[in-house]
Every structure is written in structure tokens, then in C-alpha cells.
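Last residue of the sequence shown: 346 in this note's numbering, with the numbers rising by one and none dropped. C-beta: ideal position from N, C-alpha, C; glycine also. Nothing here was measured: the structure is a model prediction, and the numbers come from that model.
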Amino acid sequence: MKRAVPKLNGHHDAGGPPGAMLSAFNGGDAAEAGAAPLADDEAQVLRAVNDDVEVGNALQAYLRDIRRTPLLTPQQEFDTAKAARAGDFEARQAMIEHNLRLVVSIAKNYLGRGLPMSDLIEEGNLGLMHAIGKFEPERGFRFSTYSSWWIRQSIERALMHQARLVRLPVHIVRELNQVLKARRALEALQSAQGAEGRVRAEDVAQALGRPVDEVAELLAYAELPSSLDSPVDRNGEGGESVLDLVADEQAIDPMGLRLTHEVEELLRHGLASLNEREREVLSGRYGLSDREPETLDVLAIRLKLTRERIRQIQIEALAKLKRNMVRHGVDRDSLF
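Laid out in C-alpha cells, this is it:
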């Protein structure tokens, strides 16, 4: 076998209009020898790929290449799979090449989940190759039926490990996949009926027989976090990002800082108007002048007064201080 399995070299290069790729698939190479007719499911794959803004030259070439490879007949598949299982390298390559379109048809269902189409195909191909090593044609099943599970598992594992900043527990991922599968089925039904609007969480919950709040919570997990560098166009001018609109809670408010300094200055003047014992009691009780706050008992021992007398001095000093600061325009409610 001369032709190697077509591969995607990591992330594709930007370029190549999606419309041109769709045209090439539908008619551009149709006359080439060995090109299989385009099935309805493949047309759906092309529409999904066509909507992917990350489609580029590498992906375009890859899809055109696998489009040329016809599907195997059941007998060809049986013979080739049997030879691959016996260790025939060329037979294994043939099994891979003739089923790459199956990977694309499955991978397109996972678009919008955090990985580009090229990565989804790569992960699906890994599942396909693993399935070839496990497939037993003698059991009578078609390879597409058997391999689909391995392809989906490989893609879903990649989404779980690579697509999220915060990984979800395995059981949540499984439940999320069930909900998303149900939503896709409802969207397909809605599209076939010509209905408009998005499928609601209530519709998915009814289809699955699950509480609406559970379905809504699972669908929230499917939302991908936005980048702080995402552009924001508020006035039609652009040039801003989400980060520009996020408040800095650690930033210093110039007006608030000025008011704080003014109140501190008034507080110093107010304390200066008290007698020495009153200043000592307030400074000790409220930890003024970088002191640690003290209890009534500690102050009573240190000043050699009763605890009750310390409390009385505190009340009297506070009353004097408040009157003094209110006269200078400080709001009474903001004091102590």
C-alpha cells in the first residue's frame, strides 16, 4: 500500500476559506477515481466543519484526502480486519484509512466543547487505532459499530483533560454527555421541523425525565470560560477587552483616600482636645497610634482604676470626641 494515512500536524495553519473547502468536497474532486458518493451524514459533517472558524489549510487538505477513500464492503472489511488482527501492517493501515471518515462524523458532534476540530479528529483517530487492535471480525459485528465507542471515549477523555481549566469529575462528565446528546437530538428534530429558537433546559429535562434544575446545572458546566483578553465593543470603536472592564479591588480610590486622611487629621485634633487620661483610655480601647486594643480589665490595672471607672471615662471621652468632630463636618454615623 503506497499512500500513508493522512495526518493532521498539530494545529492547522490559518487560511483557506471554509466555503472553498465545502466546494472542493462537494464537487471539486468528485470526478477523481475511487471517490465515494457524498452521504447525507457526511454533508452534515461538512456543514459543521464549515461553521468552524478555525478551519485552515491543513484540515482542508486532510478532509479532501480522506474523501477520496471509498468505504469497505462487509467482505472486504472482514478480510482486512482479520489480516490486521494477524499482524499485517498494510491491512491495519487500510482499516485506518477506510474509517477516517467515521471519525470525522463522530468528532463533529463535539464541536464547541473547548477543542478545535483538528484536535477532535486527532483524538478520534487514536480511538480508531485502538479499536482496530481490539476488533474481532469473527463475532459478526461491523467495525463501525464496534469502533464508534472507542472513538467517542478517546474524544471525551481528551475533552475532560485538555478542554477545561478546571477538570470535572468523571461522573459529571458522563451525565453532561448524556444531556448534550439529548440536546443535539432535540436540535436536529427542531431543525427538521423548521422550528426556530434554542432548545431550552426544560425541553431537555422533559426528554430525559430529569429535574430541570439538574439539567440546567449540567448545561452550565458545558459553558467554557471566557478569556480576559476577549475583545469588547461597547461604543462601536473596539480596542477594549474584558480585562479592561474588570474592577481592581486592590486599587486605591483617590477620593476615598483623601477623605480618610481628612478624617484621621480631625481625629488627631479631636484627641488633642481631650485630657491625658481620656486620650489614654480611647487609645488603649481602640488601638489608636498603632497600639494593640486593650480590655477594660487591662486598662484598669495599668491606670490603677476600677473597671467601671474606665468604662465611664471611655463613654465621656467618646461623647466629647464625637461632638468635636461633628462640628468639623464629620458624619455622626461614621464615628465608632
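Using a Cβ-Cβ cutoff of less than 6 Å, which residues in the same chain neighbour residue i once the five nearest sequence positions on both sides are dropped?
i	result
M335	L276 and G280
I325	none
A93	A101
S154	L112
L331	G280
S158	none
R287	none
S283	N334
S299	S293
Taking 7 Å as the line, does the beta carbon of residue i fall inside it for any heavy atom of the ligand COA?
i	result
A327	Absence of the ligand COA from the depicted structure is noted, as is the absence of any ligand whatsoever, leaving it without description.
CB-CB under 8 Å to residue i, same chain, minus the five flanking residues each way: which ones, in chain order?
i	result
D239	S251, V252 and L253
A217	A192, A195 and L196
R333	none
D51	Bear in mind that the predicted position of D51 carries a pLDDT of just 45, short of 50, making it unreliable; the figure below should be weighed with that in mind. S115.
R319	A310
V209	R193, L196, E197 and Q200
R321	L306
R317	L306, D307 and A310
A211	V222, V225, A226 and L229
L160	Note that residue 160 is Trp in the sequence shown, not Leu. Excluding positions up to five away in sequence, the list reads G137, L138, H140, A141 and K144.
S256	What sits at residue 256 in the sequence shown is Val, not Ser. Once the five neighbours on either side are set aside, the close Cβ partners of V256 are L238.
R301	S293 and G294
In terms of residues, what are the limits of the alpha helix (DSSP H) holding residue i?
i	result
V291	E286 to Y296
Q85	P84 to R95
R194	V180 to A202
S260	Here the sequence assigns Gln to residue 260, which means Ser is not the residue at that position. Q260 -> no alpha helix (DSSP H), and no H or E assigned at all.
L81	Where L81 is concerned, there is no enclosing alpha helix (DSSP H), given that its DSSP letter is neither H nor E.
R220	It is not in any alpha helix (DSSP H) - R220 carries neither H nor E in the DSSP assignment.
K314	Premise fails: K314 is in no alpha helix (DSSP H) and is neither H nor E.
Give me the residue from the options with the minimum Cα distance to residue i.
i	options	result
P126	L69, S157, F99 and F151	L69
R162	G207, L313, A104 and L136	L136
Y120	E146, L169, W159 and G150	L169
L229	E272, R184 and A202	R184
L178	F145, G150 and A232	A232
H140	T316, R77 and I106	I106
G150	K314, Q85 and I165	Q85
I76	P303, Y296, A104 and R95	A104
L315	E290, W160 and L298	E290
T83	H181, R337, I165 and R152	R152
S164	D300, A117, G297 and R301	A117
A96	E148, R74 and Y72	E148
R4	S283, R295 and D98	The requested residue 4 is not part of the displayed model; the chain covers only 11 to 346.
Can you find the residues in the same chain that come closer than 7 Å, C-beta to C-beta, to residue i, ignoring five residues on each side of it along the sequence?
i	result
D213	L196
A215	P221, V222 and V225
H338	L276
A30	Because the pLDDT at A30 is just 32, under 50, the model does not fix this residue reliably, and the value given afterwards should be weighed accordingly. Contacts found: none.
R167	none
G204	none
E304	G294 and R295
Is residue i close to chain D, meaning its C-beta is less than 8 Å from at least one C-beta of that chain?
i	result
E132	Although the question refers to chain D, the structure presented lacks it and comprises just one protein chain.
Which runs of the alpha helix (DSSP H) at least 4 residues long sit entirely within the region 100-159? Give them in chain order. Whole alpha helix (DSSP H) segments, 4+ residues: 110-117 and 127-144.
Specify whether the region 217-225 and the region 184-201 touch according to this definition: at least 3 beta carbon pairs, one from each stretch, less than 8 Å apart. The region 217-225 makes contact with the region 184-201: 3 or more CB pairs, one atom from each, lie closer than 8 Å.
When the Cβ atoms of the region 77-96 are set against those of the region 126-140, are three or more pairs found closer than 8 Å? With a cut-off of 8 Å, the region 126-140 and the region 77-96 do not count as touching, because too few Cβ pairs lie within range.
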